[in-house]
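In this note's numbering, the protein residues as written are 735 to 1370.
To start, the structure under review is shown below, and the notes come after it.
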Amino acid sequence: MTQAEPSTLSSETLGFQAEVKQLLHLMIHSLYSNKEIFLRELVSNASDACDKLRFEAIDQPDLMQGDTDLRIRVEFDADKRTVTVSDNGIGLSREEAISNLGTIARSGTKEFFSKLTGDNKKDANLIGQFGVGFYSSFIVADKVSVLSRRADAEATDAVLWESDGQGEFSVTQVEKADRGTSVTLHLREGEDDFLSGWKLREVLRRYSDHISLPVQMLKEEWNEEKSAQVKTTEWETVNQANALWTRPKSDITDEQYQEFYKHIAHDYDDPLAWTHNRVEGRSEYTQLLFLPKHAPMDLWDREGKRGVKLYVKRVFIMDDAEQLLPMYLRFVRGVIDSADLPLNVSREILQESRDVRVIREGSAKRVLSLLEDLAENKPEQYAAFWEQFGQVLKEGVGEDAANKDRIAKLLRFATTQGEGAAQTASLADYVGRMKEGQDKIYYVSAESYAAASNSPHLEIFRKKGLEVLVLSDRVDEWMLSFLRDFEGKTLVSIAKGGLDLDQLADEEEKKHQTEAAEKFKPLVERLKTALGDKVKDVRVTVRLVDSPACVVVDANELSPHLLRMLQAAGQEAPQVKPILEINPEHALLGRIQEASDADFGEWALLLLDQSMLAEGAQLADSAAFVKRLNSLLLKG
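Printed below as a string of structure tokens:
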């Protein structure tokens, strides 16, 4: 029952895109540690083709051409050493065959190759993320033929794509009686395992049981004369052929959930966790949502495709339905099947639909519940999730006001009590460890963990044993403009003026602070005069222990770190003059106080520039700073 040779009308030979050549070389040299994955990829592609036809046929019923029973068929020919995967889906035009099979048209191709390590297992995990699973055929085949006719094309407009994976492929115009695609693999020597009906059935049941379409093979019966299994002319379905998400949860194994995730997410690795629920009430829908283990390459590409698959009454409608989940949950993969939306729903309708808003809110809450369960009961898994997706989840504080408090409890931060950026704590952990009398949550932010954890602003906090959140993600400052407090405790930047630690100081410390402010009042006035309009103010501080000075801004002004981020993004940022705070106990202040009038101005500028550098700022005139420093060192 293998397909007849198509009649040729015209032919053309083309070269692969450079990246495809590199990919094929890796494939042929066993990039996949598990060769049988090629069958899963081809069946998955066939399933997608049938889904696309079913969707397009909603508006164009003639595309079905009287053949409404969508299916996938797998055949093998031991004599010709071929395995063929066929479908009666949407099919390919000549242009689509060249575009889809001759190039990798996905963003991130260069990043894909840069991530390759040479480790077969690790590299295999990357394949599905880039939609290049078709090329896995060349692991087991030395020649691949793709015969396809688009559903809206004439019989004489079919295309035959062929390649041996060595750098070129041919595209031939041929005749094909029916729509759909047949991919024929001419197996290499040593791949005889896949010329067995038993082996193919075993692989299909393992990897394709979740596919809602029937995957069929010719039935085999035992032949006494030949002492072997012989194919009949009767097709039999080898998978369960019903949508996984429609089955009761009790009937689905973890392995089936995992394989379904790999199918819809094009991921080689298992998911981190999943949630499967049927919702009834105002709106009726089923959701099967997965958390990946690894972030995709395009996580920060706001133009990239994202979202879940949308079905309506089990009919596939669209991939990447981003309206069904908020942007901060864009890493979630899965399926949502609605019983209320119309079959001809468009992306524009999705944006305005009341039913979609209900689904979006319900799905967001379901994902947050899944994350809360991980955080409470599986902290190691949650730590793995946070490492990959924590920065994205932080966006939810500003984007989802209804769930802001729930998201805040899921946030994790490095702190001064941790052992590096990797060790994090929740805000609840921080509050539970607060000192008696402490009523604020303190934080410091900078471009990197090292810069933040070495900030001079931390000195008094380390001296008093007060824990401080150490923030270094780009999203942190923006997030904190929405997260002002947690459980009644205000979040306060230690780099802003008016830091009030009086409630944690004893009477002796308070007396000393007052005396220092009075004693060094002449020095403060002298510094103000020398610095002029370069600073907003100069004052004595108690926040420093080892550093001579630091710069801060008023409590109601944007932090220097946020201002630098705005400027780097090309956005207008207000001009904020720093406040210079000095540590009267530091020996350098004594030296400056004794300087001559001629040198005092230089020392004042040096003190300010030094403080700005410690804050992570870019000096307006770094050459002048170096010259000033050298001059004063020589005089010293």
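Heads up, the beta-carbon is just placed ideally off N, CA and C, and yes, glycines get one too.
- The residue among LEU881, ALA875, SER1080 with its C-alpha nearest the C-alpha of LYS910 is LEU881.
- Separation of the CB atoms of SER781 and ILE806 is rounded to 7 Å, and the pair is thereby assigned contact status at 8 Å.
- Along the length of the segment 1036-1123, whole alpha helix (DSSP H) runs at least 4 residues long occupy 1081-1086, 1088-1111, reported in chain order.
- In the same chain as LYS1230, and ignoring 5 residues on each side of it, the C-beta atoms closer than 8 Å to its own belong to VAL1286, VAL1287, ASP1288, ALA1289, GLU1291, SER1293, in chain order.
- DSSP, read as helix, strand or coil, puts HIS1000 in coil.
- In this structure, TRP979 lies near VAL1069, with their beta-carbon atoms less than 8 Å apart.
- Here DSSP, grouped into helix, strand and coil, assigns PHE1147 to strand.
- Counted as a single uninterrupted DSSP element, the alpha helix (DSSP H) harbouring ALA780 occupies residues 771-793.
- Looking only at PHE1195, GLU829, GLY1350, the smallest Cα-Cα distance to THR1150 is reached by PHE1195.
- For LEU1077 and TYR1045, the gap between their C-alpha atoms comes out near 9 Å.
- Within the same chain, LEU1102, LEU1105, GLU1106, ALA1109, LEU1127, SER1160 come within 8 Å of LEU1144 by CB-CB distance, once the 5 residues on both sides are set aside.
- According to DSSP, ALA892 shares a beta bridge with VAL908.
- Proximity of the segment 1055-1063 to the segment 1028-1035 falls short of the contact definition, fewer than three beta-carbon pairs being nearer than 8 Å.
- The DSSP-derived three-state label of LEU1314 is strand.
- For GLY914, the enclosing beta strand (DSSP E) covers residues 914-921.
- The beta carbons of ASP1271 and ILE1313 sit closer together than 8 Å.
- Counting C-beta pairs closer than 8 Å gives fewer than three between the segment 911-918 and the segment 931-947, which falls short of the contact rule.
- Across the set GLY1130, GLN990, VAL1204, the C-alpha of VAL1204 shows the shortest separation from the C-alpha of GLU1153.
- Spatial neighbours of THR971 in its own chain (CB-CB distance under 6 Å, excluding positions within 5 residues in sequence) are listed in chain order as PRO948, GLN950.
- Within the DSSP bridge table, the entry for ARG939 names no partner.
- DSSP places LEU1161 in the helix class (H, G or I) of the three-state scheme.
- The Cβ atoms of VAL1079 and PHE1216 lie no closer than 8 Å to each other.
- A direct Cα-Cα distance of roughly 31 Å separates ALA1148 from TYR1002.
- Per DSSP, reduced to three states, the secondary structure at ILE1141 is helical.
- Per DSSP, reduced to three states, the secondary structure at ILE806 is strand.
- Bridge partners of VAL1360 according to DSSP: none are assigned.
- Contact annotation, LEU804 with LEU787: C-beta distance approximately 7 Å; criterion of less than 8 Å satisfied.
- Per DSSP, reduced to three states, the secondary structure at GLN799 is coil, with no helix or strand assignment.
- Straight across, the Cα-Cα distance linking TYR991 with ILE1051 is about 21 Å.
- Excluding residues up to 5 positions away in sequence, ARG1146 lie with their Cβ nearer than 7 Å to the Cβ of GLY1124 in the same chain.
- Under the Cβ criterion (8 Å, minimum of three pairs), the segment 1274-1283 counts as touching the segment 1246-1258.
- TYR1019 and ASP1071 do touch by the CB rule: their CB atoms are close to 6 Å apart, below 8 Å.
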